[in-house]
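The next block holds one structure in the form of structure tokens; read it before the comments.
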Amino acid sequence: MGDANRSFNLAQTDQTDNFLSVAPGQEDWGGDGSGRLHLSGRSTAISNEYVPRQYQFFNTNTVPEEPGWQISGMPERVLPGRRRLLTWHDCGASTSRVILPPNFAAPSGIFTADLEIFILAGKIKMGEWQLDRHGYSFIPAGVKVESWQVLGEEEAEILWMENGPISLKYQEGETNHPGARINEFIPALDSKLLPWSDTERVTNKKKLLRKHNNGGETFIFATLPHYMAHYGMICSYNEEAYILGGYCDLGSYRLAKDHFCYCPTYNITPRERTVDGLFGFARIDRDLSQIAIASPYAHIND
């Protein structure tokens with residue numbers, strides 16, 4: 001995948017001054033965009049073009065790493081990191097696996113698009129808050145982030161999710177932008193301290209990290225060992241998932257640690273099978289409590 005294919009459609013990117021007034025794009029399942037994830041219609045590291053209704057699984061370790069990656073708008077004195085771009089949308093939304101070096105330090109400021117971060121390894125500090133492995137933060141566009149840095153001698157590896165609806169830029173500053181959704185700010189959440197909750201499937205557990213405005217969710221999930229589904233599923237929503245541990249066979253593909261899933265609306269997911277269990281991080285853009293959002297489907301060849 002060349003640099004040209006990595007580029008977003010930036011025709012409308014200079015909306016920096018009025019970024020909070022840019023309306024989110026609607027979801028392809030008929031949603032009004034209030035979830036603000038822009039998971040619909042994404043390209044991936046293994047497909048430069050969006051493929052409707054086709055799930056895509058891949059090992060993120062095989063995705064080319066971009067050296068010298070810099071957060072757009074950061075002062076030149078801030079050390080660059082490295083990035084593996086996993087999925088992206090023409091509006092500027094993207095999901096990446098980012099590595100920030102030791103001694104990385106950034107001044108306080110705001111982002112021009114919503115940002116979710118999930119720590120895969122290492123530790124960072126934002127103002128007085130620390131995030132270590134499996135820590136989570138949600139930073140709405142325009143909310144001031146205190147000066148932040150990587151702690152210790154270890155690199156910080158982050159699942160870095162820019163949610164759009166415009167390309168994310170950093171603006172140095174000391175105040176919140178007028179109109180920023182401060183009430184949605186999650187500065188630091190240690191998922192290790194959260195209790196597991198039940199799901200509709202007794203073989204699955206989850207830890208809810210964030211409930212979206214439209215009922216969608218950001219969460220950690222676990223599939224118990226010795227699980228074998230009898231059917232595939234038709235999923236009437238968009239989903240991204242990053243595998244943190246264990247494994248699961250979906251049809252002929254084996255999901256394992258550091259593998260990634262992009263499952264667009266109305267895809268038919270193969271039957272799941274695991275002996276050891278599965279552990280991962282996921283985002284979905286629709287309320288799963290609604291009837292038939294995920295429907296069993298027997299007519300698959302796996």
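For the sequence shown, our numbering assigns the number 1 to the initial residue and increments by one for each residue that follows.
We put the CB at the ideal spot given by N, CA and C, even for glycine.
Look at the Cβ atom of I166, then the Cβ atom of V22, and state whether they are nearer than 7 Å. For I166 and V22, yes; Cβs fall inside 7 Å.
Spatial neighbours of W160 within its chain, please: C-beta separation below 7 Å, excluding the five flanking residues on both sides. Excluding the 5 residues flanking it on each side, W160 has same chain C-beta neighbours closer than 7 Å at S96, V98, I117, in chain order.
Just the Cα atoms here: how many angstroms apart are A298 and S289? If I take the Cα positions, the gap works out to 22 Å.
Would you check if the distance between the CB atom of Q54 and the CB atom of T44 is smaller than 7 Å? Against a cut-off of 7 Å, the Cβ pair of T44 and Q54 comes out as no contact.
Delimiting residues of the beta strand (DSSP E) encompassing D249: Annotation for D249: the continuous beta strand (DSSP E) segment containing it runs 239-250.
Of the residues R273, A256, G33, the one placed nearest G216, counting alpha carbons only: Checked all of R273, A256, G33; the closest Cα to G216 is G33.
Nonlocal neighbours in the same chain, by C-beta distance under 7 Å from V275, ignoring five residues either side: Its chain contains P225, H226 as the residues whose beta carbon lies nearer than 7 Å to that of V275, once the 5 sequence neighbours on both sides are disregarded; these appear in chain order.
How many whole angstroms separate the CB atoms of G173 and I110, which I take to be in contact at a CB cut-off of 8 Å? Here G173 really is in contact with I110; their C-beta atoms are around 6 Å apart, less than 8 Å.
First through last residue of the beta strand (DSSP E) which encompasses W69: Counting along the chain, the beta strand (DSSP E) containing W69 begins and ends at 66-69.
Using three-state DSSP, classify F221 as helix, strand or coil. In the three-state reduction of the DSSP assignment, F221 falls in the strand class, which pools E and B.
Hey, out of N103, G246, L209, N48, whose CA is closest to D90's CA? Of the residues N103, G246, L209, N48, the one whose Cα lies closest to the Cα of D90 is N48.
I need the straight-line Cα distance from I71 to Q149, nearest angstrom please. Cα-Cα distance, rounded: 14 Å.
Using 10 angstroms around the beta-carbon of S137, count the other beta-carbons present and answer buried if the total reaches 16, otherwise exposed. Taking every protein chain shown into account, the CB of S137 has 16 or more other CB atoms within 10 angstroms, so this residue is buried.
For Y237, which of A229, I291, E162 has the nearest alpha-carbon? Distance from the Cα of Y237 is smallest, within the candidate group A229, I291, E162, for I291.
How big is the Cα-Cα spacing for A141 and L168? Roughly 9 Å between the two C-alpha positions.
Sequence-distant residues of its chain with Cβ nearer than 7 Å to P80 (five each side left out): Around P80: G68, W69, Q70.
Length of the line joining the Cα atoms of G245 and K205: Between the C-alpha atoms of G245 and K205 there is a straight-line separation of about 14 Å.
Please classify S147 as buried or exposed, where buried requires at least 16 neighbouring CB atoms within 10 angstroms. Residue burial annotation: S147 is exposed, with fewer than 16 other C-beta atoms found within 10 angstroms of its C-beta.
Taking DSSP as the reference, what is the three-state secondary structure of S7? Its pLDDT being 37, under 50, S7 is placed unreliably in this model, and the coordinates cannot settle the point.
For V51, which beta-bridge partners are listed by DSSP? Among the bridge pairs identified by DSSP, V51 is matched with none.
Do you know how far the Cα of L189 is from the Cα of W196? So the two alpha carbons sit approximately 15 Å from each other.
Compute the beta-carbon to beta-carbon distance between T87 and R42, rounded to the nearest angstrom, for a pair I have assumed lies under 8 Å. Rounded to whole angstroms, the Cβ separation of T87 and R42 is 4 Å, and the two are in contact under 8 Å.
Which residue's Cα is closest to the Cα of S94: L278, P296, Y262, G280? The shortest C-alpha separation from S94 is found at Y262.
Just to confirm before moving on: does the CB-CB distance between F260 and Y242 stay below 7 Å? Yes; because the gap between Cβ atoms is below 7 Å, this pair is in contact.
Reference A180, options E154, V145, F281, V51, closest by Cα: Considering only alpha carbons, the answer is V145.
Are the CB atoms of E272 and C248 within a distance shorter than 7 Å? Going by beta carbons, C248 and E272 fall inside the 7 Å limit.
Are the Cβ atoms of F219 and A282 separated by less than 7 Å? Taking 7 Å as the cut-off, the beta carbon of F219 is found closer than this to the beta carbon of A282.
If contacts are defined as beta-carbon pairs under 8 Å, then Y231 and G73 qualify, I think. What distance do you get, rounded to the angstrom? Not confirmed; about 47 Å, so no contact.
Cutting at 8 Å between CB atoms, please list the residues of its own chain near A121, excluding the five before and the five after it. Excluding its 5 nearest sequence neighbours in each direction, A121 has C-beta neighbours in its own chain below 8 Å: R133, E154, E155, A156, E157, listed in chain order.
Completely contained beta strand (DSSP E) runs for the region 38-122, where each covers 3 or more residues: If we require 3 residues or more, the beta strand (DSSP E) runs fully inside the region 38-122 come out as 56-59, 66-69, 81-88, 94-100, 109-111, 115-121.
I'd like to know whether the C-beta atoms of L100 and I139 end up nearer to each other than 7 Å. Cβ distance not < 7 Å, so L100 and I139 don't count as in contact.
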